[in-house]
Amino acid sequence: MSSIKLILRNNKIDKAGEAPLYLRVIKDRKTKFISLSLKLKPNEWDEDKQKVKKNHSNSTRLNAYISQKVADAKGEIADLERRNQSTTARKLKEAIKGKPLTNFFDYSDNLCEKRKDTLAYSTYKNYKTYLKKFEKFVGHRELMFEDITVTTLKDFASYCSSTLGNNNTTINFSLKIMKIMFKEAQKEDLIPLDLFPFNKFTVKKDKSTKRYLSSEQFQDFMDLEVSNKDKAQIIKDMFIFSVFAGGLRFGDMLELKWKNYDKKNGRITKIIRKTNRQHSVRIGQKAVEILEKYQQKDQKQEDIIFPFANIDKTYFTDKEHRNLITGRAIALSNMYLRKMGKRLELPFNLSFHISRHTFATRALNNGMRIEHVSKLMDHSDIGITQVYAKIISSELDNAVDKYIN
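The sequence shown lines up with residues 1 to 405 when you count with full-length UniProt numbering.
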């Protein structure tokens with residue numbers, strides 16, 4: 001329950017001998033004061049009757065004004081408590097002051113739609129999917145930012161873990177998207193800066209494991225025979241090419257055109273799909289040899305190099321279509337690679353992204369400076385690349401333990 005009372009703040013008497021009149025709202029033992037923009041002398045206020053005394057020249061008018069403010073406040077409180085059980089003192093204060101509260105789901109959905117053209121389509125879909133997951137947990141859409149407390153986050157994390165079976169990485173990603181919405185709403189001055197429950201709750205991060213092919217495993221992979229008529233050969237060549245071309249991501253490999261290849265200088269230059277930055281990397285001789293396999297006499301600059309998927313004009317203009325084509329291609333490529341991995345008896349499932357990790361570990365093992373590896377991988381921060389340096393360091397420690405102890 002909440003309570004409301006008129007309070008003359010006698011501890012704030014000004015030089016004219018007048019004190020400000022406030023509405024005091026108490027909810028769950030939390031108190032908020034709301035100014036009525038009125039000042040009275042202490043002898044003009046009747047505390048027991050909660051009204052201005054007749055010795056004030058405008059007592060009738062002021063009492064009518066005050067009565068209306070109290071009635072409005074009580075009405076707002078009743079309406080708010082009827083709609084939502086998680087009403088707080090701060091929310092009551094904002095409602096009484098007439099400041100509109102911001103619905104979390106409405107704001108988040110609108111933000112996603114506004115950013116749809118600037119976000120990668122996969123990122124946009126992830127935002128929508130994880131917000132829907134949170135909505136399913138809540139059970140309704142009548143949720144204001146102020147309703148999301150530390151307890152809400154703890155309960156949601158528990159739901160993700162126990163009910164959905166999510167690991168900590170997935171839970172943290174769910175919370176990360178919610179954080180983004182809070183930060184954006186704060187930038188727009190829709191919610192106060194101190195309204196950020198994530199500062200008081202964290203989920204322990206799972207230890208990251210980067211899978212990669214060792215030198216011996218990668219050599220075995222290159223020596224593995226597959227059908228030249230099968231797409232398995234194409235994906236195998238793409239994997240090897242990526243390792244010798246700076247760890248190019250699958251999406252960029254899939255849409256690589258001959259116009260992106262500078263044969264004279266042995267370079268690949270293209271706009272990276274994930275970062276939207278132009279990236280240029282000199283490729284190794286093995287990568288050049290792979291490209292020579294796919295060259296044709298009548299090829300055009302706009303032709304796709306690796307014919308693994310149906311990359312048409314719509315692919316480059318329609319994000320949803322591109323996401324569908326890429327998703328199917330990833331699934332198909334990983335199916336072929338898993339089969340190859342089983343033939344090689346690898347202790348993990350082989351996927352295309354492992355080519356990127358393989359490039360990084362090989363480059364560092366061969367003495368390439370970490371900042372150069374970071375640049376070749378188009379990382380925005382060298383800290384992202386340092387995880388590979390830790391892998392190399394760990395391998396050295398294991399080697400010492402094995403051969404010296």
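Note that beta-carbon positions come from the ideal geometry of N, C-alpha and C, so glycine has one too.
Quantities reported herein were computed from a predicted structural model and do not represent experimental measurements.
In DSSP terms, what Ile7 is bridged to: Tyr22.
8 angstroms contact criterion, which Ile283 and Phe250 should meet: CB distance rounded: That belief does not hold up - the Cβ atoms of Ile283 and Phe250 are roughly 17 angstroms apart, past 8 angstroms.
Gln85 classed as buried or exposed, judged by whether at least 16 other C-beta atoms fall within 10 angstroms: Unreliable positioning characterises Gln85 in this predicted model, as indicated by a pLDDT of 49, which lies under 50. A coordinate reading is not provided.
C-beta atoms of Ile235 and Ser333 nearer than 7 angstroms: Ile235 is a Cβ neighbour of Ser333, given a cutoff of 7 angstroms.
Start-to-end residues for the alpha helix (DSSP H) that takes in Thr102: For Thr102, there is no enclosing alpha helix (DSSP H), as DSSP marks it with neither H nor E.
Given 8 angstroms, three or more beta-carbon pairs between the segment 131-146 and the segment 176-187: Counting Cβ pairs under 8 angstroms, three or more are found: they touch.
Among Asn166, Thr102, Val150, nearest to Ala185 - alpha-carbon criterion: Comparing Cα-Cα distances from Ala185 to each of Asn166, Thr102, Val150, the minimum goes to Thr102.
Cβ pair Val203, Asn167 closer than 7 angstroms: No Cβ-Cβ contact shorter than 7 angstroms links Val203 with Asn167.
Lys313 versus Phe201 - alpha carbon distance: One C-alpha to the other measures close to 46 angstroms.
Spatial distance of Lys274 from Thr123 (CA atoms): Approximately 10 angstroms between the Cα atoms of the pair.
Thr269, DSSP secondary structure in three states: In this structure, Thr269 counts as strand in the three-state DSSP scheme.
Whether Phe239 touches Ser355 by CB criterion (7 angstroms): Contact flag set, yes.
contact_flag[the segment 218-225, the segment 313-329] where n(CB pairs < 8 angstroms) is 3 or more: Judged by Cβ distances under 8 angstroms, the segment 218-225 makes no contact with the segment 313-329, as fewer than three pairs qualify.
Whether Ala329 touches Leu254 by CB criterion (7 angstroms): Against a cut-off of 7 angstroms, the Cβ pair of Leu254 and Ala329 comes out as a contact.
Alpha-carbon to alpha-carbon, Tyr261 and Ala360: The alpha-carbon atoms of Ala360 and Tyr261 are separated by roughly 22 angstroms.
Own chain partners of Asp237 with C-beta closer than 6 angstroms, once the 5 adjacent residues on each side are dropped: For Asp237, where only same-chain residues beyond five positions count, the Cβ hits under 6 angstroms are Ile290.
Touch test, the segment 12-21 against the segment 39-47, Cβ-Cβ under 8 angstroms, three pairs minimum: Output reads yes: the segment 39-47 touches the segment 12-21.
Top-ranked residue by Cα proximity to Gln50, from Arg24, Phe308, Lys32: Nearest C-alpha to Gln50 among Arg24, Phe308, Lys32: Arg24.
Asp189 (DSSP reduced to helix, strand or coil): Residue state for Asp189 is assigned as coil, using DSSP reduced to three classes.
contact_flag[the segment 103-119, the segment 142-160] where n(CB pairs < 8 angstroms) is 3 or more: Yes, the segment 103-119 touches the segment 142-160.
Residue range of the alpha helix (DSSP H) that includes Ile325: Its alpha helix (DSSP H) spans residues 319-343.
Straight-line gap, His353 to Tyr336 (C-alpha atoms, nearest Å): In this structure, the straight-line span from the alpha carbon of His353 to that of Tyr336 is close to 13 angstroms.
Entirely enclosed beta strand (DSSP E) segments - the segment 224-301, minimum 3 residues: Scanning the segment 224-301 for uninterrupted beta strand (DSSP E) segments of 3 residues or longer gives 267-271, 278-282, listed from N- to C-terminal end.
Ser227 to Met340 span [Cα, whole Å]: Using only the alpha carbons, I get a separation of about 12 angstroms.
Which of helix, strand or coil DSSP assigns to Lys176: DSSP places Lys176 in helix when its eight states are reduced to three.
Euclidean distance between Cα positions of Asn323 and Val70: CA-CA distance, Asn323 to Val70, rounds to 56 angstroms.
Local Cβ density within 10 Å of Ile311, reported as buried at 16 or more and exposed below that: Buried is the call here.
Backbone CA spacing between Leu6 and Leu193 [nearest angstrom]: Between Leu6 and Leu193, the C-alpha separation is close to 28 angstroms.
6 angstroms CB neighbourhood of Phe156 in its chain, flanking five on each side removed: Around Phe156: Phe137.
Segment limits, alpha helix (DSSP H) that includes Leu40: No alpha helix (DSSP H) holds Leu40; the beta strand (DSSP E) holding it covers 30-40.
Nearest-angstrom Cα separation, counted from Lys205 out to Thr31: Counting only the Cα atoms, Lys205 lies some 37 angstroms from Thr31.
CB contact below 7 angstroms: Lys39 versus chain C: In the structure shown, chain C cannot be found, because there is only a single protein chain.
Option nearest Val281 by Cα separation, candidates Gly266, Lys293, Ile304: Val281 has its Cα closest to that of Gly266, out of Gly266, Lys293, Ile304.
Reduced DSSP secondary structure (H/G/I, E/B, other) of Gln85: Bear in mind that the predicted position of Gln85 carries a pLDDT of just 49, short of 50, making it too unreliable to give a figure here.
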